[in-house]
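A quick write-up on the structure given underneath.
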Amino acid sequence: MGMFIKIHVDEAKLGEKAAAVAQVCPVKIFEWKEGRLAVLEAEEDECTLCELCLERCPAGGIRIEKLY
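The letter at position 15 of the sequence shown is residue 3 when you use the numbering used here, and the numbering goes up by one with no holes.
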């Protein structure tokens, strides 16, 4: 888990948009692997809060929790 943020993924809400989320992240926090969207926890703190992932997915599919 990151020190400053935690990214939560709700695959049920993402549906077919999950693979697109992995592609849009400029710092590669997400990985599309074996048909699932995974958060690379070691990379979470690299998030720039650009919100491209939030724009790409349905409401509630991804939630970024600030830990500070």
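Backbone N, C-alpha and C fix where the C-beta goes; we use that ideal spot for every residue, glycine too.
Since we're looking at a predicted model, the values are computed, not measured.
- In this structure, the straight-line span from the alpha carbon of residue 0 to that of residue 46 is close to 10 Å.
- Inter-residue distance for residue -5 and residue 49 is about 11 Å (C-alpha atoms, whole angstroms).
- Sequence-distant Cβ neighbours of residue 51 in its own chain, meaning closer than 7 Å and more than five residues away, are -4.
- Residue range 24 to 27 is occupied by the beta strand (DSSP E) that includes residue 27.
- With respect to residue 2, residue 17 sits apart: the two C-beta atoms are not nearer than 8 Å.
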